[in-house]
């Protein structure tokens, strides 16, 4: 089988790279040595680092140690359309 793009690592960056390539109609192979894609993202726990969850932004930000207000701009620009692949079958 031939691929246009091979992504090594199924962490957050690898997943985004694979999605970006697939959206450009590239044939993508995503290689991950672990048993699950996005495992480190899942391990961040409690929704604090997982910005792809469906909780309201205020609820996530209040659980960030220190001052999490810097995250507001991220949540304004990150839509569920972008993040939904992570919240469905992949992770």
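Numbering (my numbering), first residue to last: 1 to 91. Where a beta carbon is used, it is the ideal one built from N, C-alpha and C, also for glycine. Note that the structure is a prediction, hence the values are computed from the model and not measured.
Distance from the CA of residue 37 to the CA of residue 15, rounded to the nearest whole angstrom, comes to 8 Å. The beta-carbon distance between residue 8 and residue 28, rounded to whole angstroms, is 12 Å. This is too long to meet the 8 Å contact definition.
Residue pairing by DSSP leaves residue 19 without any beta bridge partner. If you draw a 10 Å sphere on the C-beta of residue 34, you find fewer than 16 other C-beta atoms in it, and that means exposed. For residue 29, the pairing in a beta bridge is given by DSSP as 6. For residue 60, the uninterrupted alpha helix (DSSP H) segment begins and ends at 57-62.
For residue 39, same chain residues with a beta-carbon under 6 Å away, outside a window of 5 residues either side, do not exist.
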